[in-house]
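Peer 1:
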Amino acid sequence: MRQMAMITGGSMSSVHSDALLESTPSTDAKVTPAQLSEALVNAWHTITQRAVGRFAEHGITPNRVRVINLISEGPLRMGALADRLGVTGRTATLIVDDLVAEGLVERLPDPVDRRAMRVVLAPRGRGMLLHIERLQREISEEVFSVLHPRERVLLSGLLERCTDHGATACRSTDSLESDGLCSPR
32 MRQMAMITGG SMSSVHSDAL LESTPSTDAK VTPAQLSEAL VNAWHTITQR AVGRFAEHGI
92 TPNRVRVINL ISEGPLRMGA LADRLGVTGR TATLIVDDLV AEGLVERLPD PVDRRAMRVV
152 LAPRGRGMLL HIERLQREIS EEVFSVLHPR ERVLLSGLLE RCTDHGATAC RSTDSLESDG
212 LCSPR
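The sequence shown begins at 32 in our numbering and counts up one residue at a time.
#1: In the structure shown, what three-state DSSP assignment does residue 137 receive?
#2: Report the rounded CA-to-CA distance for residue 128 versus residue 168, giving the unit in angstroms.
#3: Rounded to a whole number of angstroms, what is the C-alpha to C-alpha distance between residue 170 and residue 182?
#4: Can you tell me whether residue 197 is buried or exposed? The criterion is at least 16 other CB atoms within 10 Å of its CB, across all chains shown.
#5: Taking three-plus beta-carbon pairs below 8 Å as touching, is the segment 73-82 in contact with the segment 113-124?
#6: To the nearest angstrom, how far is the alpha carbon of residue 46 from that of residue 70?
#7: Starting from the Cα of residue 144, find the closest Cα among 101, 91, 107 and 194 and give me that residue.
#8: Among residues of its own chain, excluding the 5 on either side of residue 100, which ones have a beta-carbon nearer than 8 Å to its beta-carbon?
#9: Mapping the DSSP letters down to three states, classify residue 116 as helix, strand or coil.
#10: Using a Cβ distance threshold of 8 Å, determine whether the segment 186-193 contacts the segment 136-154, with at least three qualifying pairs required.
#11: Taking the beta strand (DSSP E) that residue 149 belongs to, which residues open and close that run?
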């Protein structure tokens with residue numbers, strides 16, 4: 032939701048979405064939750080395909096985008112990076128080795144545990160992050176330009192509400208979280 036909040040400039044309350052709904056033409060058509068899910072998956076697929084294509088034009092792989100974005104959130108130990116990527120420690124090491132060789136990240140000693148290393152963005156990696164963020168903004172503008180600004184606010188609020196509700200459901204269902212089906216926000 033960080034990106035959605037970025038697009039709308041913050042969160043949206045239920046009051047705002049209700050007021051906007053009242054001003055939106057209503058139809059008698061019924062949309063099932065399954066149809067909504069399918070529409071969201073299709074929209075996500077469109078955005079993802081557009082992003083993959085745009086990044087490829089710039090020689091950036093989706094995995095590189097993911098790793099750079101994760102490391103940009105703050106220094107990560109190798110084990111934490113592997114966990115966040117869902118890969119083995121050895122695979123994370125190989126990924127980081129490549130990024131170090133390209134000057135995108137650096138390994139620094141962990142100040143708390145001198146045996147551990149933390150991965151941080153190097154200056155060149157910060158430059159790539161800015162480039163990635165610019166491409167992501169362009170893609171978002173292209174995809175969502177079809178929506179009126181009020182529709183963007185409404186969509187953002189509705190998605191945020193569904194996400195919050197889903198996160199609450201996950202927190203109350205320990206088995207989903209332990210199976211990795213729900214990730215903490």
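Ideal Cβ positions, reconstructed from N, Cα and C, are used throughout, including at glycine.
Peer 2: In brief:
#1: strand
#2: 29 Å
#3: 18 Å
#4: exposed
#5: no
#6: Confidence at residue 46 is low in this model, with a pLDDT of 48, below 50, so the placement of that residue is unreliable and no value is reported for it.
#7: 107
#8: 160 and 163
#9: helix
#10: no
#11: 148-152
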